[in-house]
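Asker:
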Amino acid sequence: MTTNKIRTRFAPSPTGFIHLGNIRSALYPWAFARANGGEFVLRIEDTDLERSTQASVDVILEGMEWLQLDHDEGPFYQMQRMDRYKQVLATLQAKGYVYPCYMSMEELDALREKQMANKEKPRYDGTWRPEPGKVLPPVPEGVKPVLRFKTPQTGVVGWDDKCKGRIEFQNSELDDLVIARPDGTPTYNFCVCVDDMDMNITHVIRGDDHVNNTPRQIHIFEALGAGVPVFAHLPTVLNEQGEKMSKRNGAKAVTQYRDEGYLPDAMVNYLARLGWSHGDDEIFSRAQFLEWFNLDHLGRSAGQFDEAKLRWVNAQHLKAMDDAQLA
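What follows is the structure, encoded as structure tokens:
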């Protein structure tokens, strides 16, 4: 990293509405930056062209504005950075970190079926990975390759997660990640690393559904010669039935709570307690939250949404408002 200042980011994909579980992944990095005199960056990861919509972007921006999660830089859109990604990709390819793979989807499917029949973990077998003395198959005519990253084949990759503690993966368990599609467009894991490097992100605070991406991203950071950020992977937010929060499972868009009259500071208070604590304090102001917040008191277990508790928190904030604020 080229900065000593703490820099965090929120990087949602605009592929659906943003619910409370999503917005908590904005609240914590925002709070960590604000509590430490740092900077908070907003980045829109819109490379899924089939599912990304402007309406989803609008809900993200409206939800953050309502909760007063102000950003210092952005929003940056990944689709506007394609030339930069391709430039970095070419550099990595020239350095030997990336190679073309001509294996078709049919061949990959057949390979996976064979591996599963043999009770092996389904994975790419390195057919097109160049090695000293290895003879590669003949290049098929008219086939555009994907580009794969040469993952180290021995050793361990790990990090000290600020939420989950030490996490390690055997490199032998990771196959060679596709980092560019046949049409040349880079994939998610590659774009994220280039963005975090270019934007000098020091702390990546995100959902624990990204844990399995992290060892791959660490390898890409190292190949880029970039510093590896500090990671904190937050436990999932569950709905009242104990399921992962999603639109399909009845979650509301964050803007719906605004329309129902909830106070933004009450929502910040409630969301903060869904995975972080300061002793037994249940009700606190935004200023108190920022004074207290750090990564050392993040919870390790999933937080469960409770709408009755949210209403109670909102009622406490309403009671604390003076007549002038209510007028």
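Residue numbers for the sequence shown follow the working numbering, beginning at 51 and rising by one.
Cβ atoms here follow ideal geometry from the backbone N, Cα and C, with glycine treated the same way.
1. Given that a residue counts as buried once 16 or more other Cβ atoms are within 10 Å of its Cβ, and exposed if not, what is Leu360?
2. Between which residues of its own chain and Arg173 is the CB-CB distance below 6 angstroms, once the five residues before and five after are set aside?
3. Is Met114 buried or exposed, if buried means 16 or more other CB atoms sit within 10 Å of its CB?
4. Between the C-alpha atoms of Leu161 and Ser102, what's the straight-line distance to the nearest angstrom?
5. Can you tell me whether Ile229 is helix, strand or coil according to DSSP?
6. Below 7 angstroms CB to CB, which residues in the same chain sit around Thr52 once its five sequence neighbours on both sides are set aside?
7. Using three-state DSSP, classify Phe355 as helix, strand or coil.
8. In whole angstroms, give me the CA-to-CA distance for Leu186 and Tyr152.
9. Taking contact to mean 3 or more Cβ pairs, one atom from each stretch, closer than 8 angstroms, check whether the region 320–327 and the region 77–84 are in contact.
10. Please return the same chain residues whose Cβ sits closer than 8 angstroms to the Cβ of Asn86, not counting the five positions on each side in sequence.
11. Do Cys213 and His260 have their beta-carbon atoms positioned less than 8 angstroms apart in this structure?
12. So the alpha helix (DSSP H) Gly113 belongs to, where does it begin and stop?
13. Take the Cβ of Asp246 as the centre, count every other Cβ of all protein chains shown within 10 Å, and call the residue buried at 16 or more, exposed below.
14. Buried or exposed, going by whether 16 or more other CB atoms sit within 10 Å of the CB of Leu99?
15. From this set, Gln354, Leu313, Pro202, which residue's C-alpha is nearest Gln443's C-alpha?
16. Tell me which residues share the same chain as Gln118 and place their Cβ nearer than 7 angstroms to its Cβ, disregarding the 5 neighbours each side in the sequence.
17. Write down the C-beta distance between Ile268 and Val207 rounded to the nearest angstrom, noting that I regard them as a contact closer than 8 angstroms.
Answerer: The answer reads as follows:
1. Locating residue 360 in the sequence shown gives position 310, counting from the first residue. Buried is the call here.
2. For the purposes of this step, residue 173 is identified with residue 123 of the sequence shown, where counting begins at 1. Correct list, in chain order: Asp225.
3. Locating residue 114 in the sequence shown gives position 64, counting from the first residue. Burial call: buried.
4. Counting from 1 along the sequence shown, the entry for residue 161 is found at position 111. Counting from 1 along the sequence shown, the entry for residue 102 is found at position 52. Whole-angstrom Cα-Cα distance: 32 angstroms.
5. Here residue 229 corresponds to residue number 179 of the sequence shown, with the count starting at 1. Strand.
6. As a first step, residue 52 is located in the sequence shown; it is residue number 2 there, counting from the start. Note that Thr52 has pLDDT 48, beneath the 50 cutoff, so the model's placement of it is unreliable and no number is given.
7. Here residue 355 refers to the residue found at position 305 when the sequence shown is read from its first residue. If DSSP states are grouped into helix, strand and coil, Phe355 belongs with coil.
8. Looking up residue 186 in the sequence shown gives position 136. Looking up residue 152 in the sequence shown gives position 102. Going by the C-alpha atoms only, they are around 11 angstroms apart.
9. yes
10. By one-based count along the sequence shown, residue 86 stands at place 36. The residues are Ile56.
11. Mapped onto the sequence shown, residue 260 falls at position 210. Mapped onto the sequence shown, residue 213 falls at position 163. Remark: C-beta atoms of His260 and Cys213 do not approach each other more closely than 8 angstroms.
12. Indexing the sequence shown from 1 puts residue 113 at position 63. First-last of the alpha helix (DSSP H) with Gly113: 104–116.
13. Within the sequence shown, the letter at position 196 stands for residue 246. Buried.
14. Residue numbering aside, residue 99 sits at position 49 when the sequence shown is read from its first letter. When all chains shown are included, Leu99 counts as exposed.
15. A question about residue 443 goes unanswered here, because the residues of the chain that appear run from 51 up to 377.
16. Here residue 118 is taken as the residue at index 68 of the sequence shown, counted from 1. For Gln118, where only same-chain residues beyond five positions count, the Cβ hits under 7 angstroms are Pro314.
17. Translated into positions along the sequence shown, residue 268 becomes position 218. Translated into positions along the sequence shown, residue 207 becomes position 157. In this structure, Ile268 and Val207 form a Cβ contact; the two beta carbons are roughly 5 angstroms apart against a cut-off of 8 angstroms.
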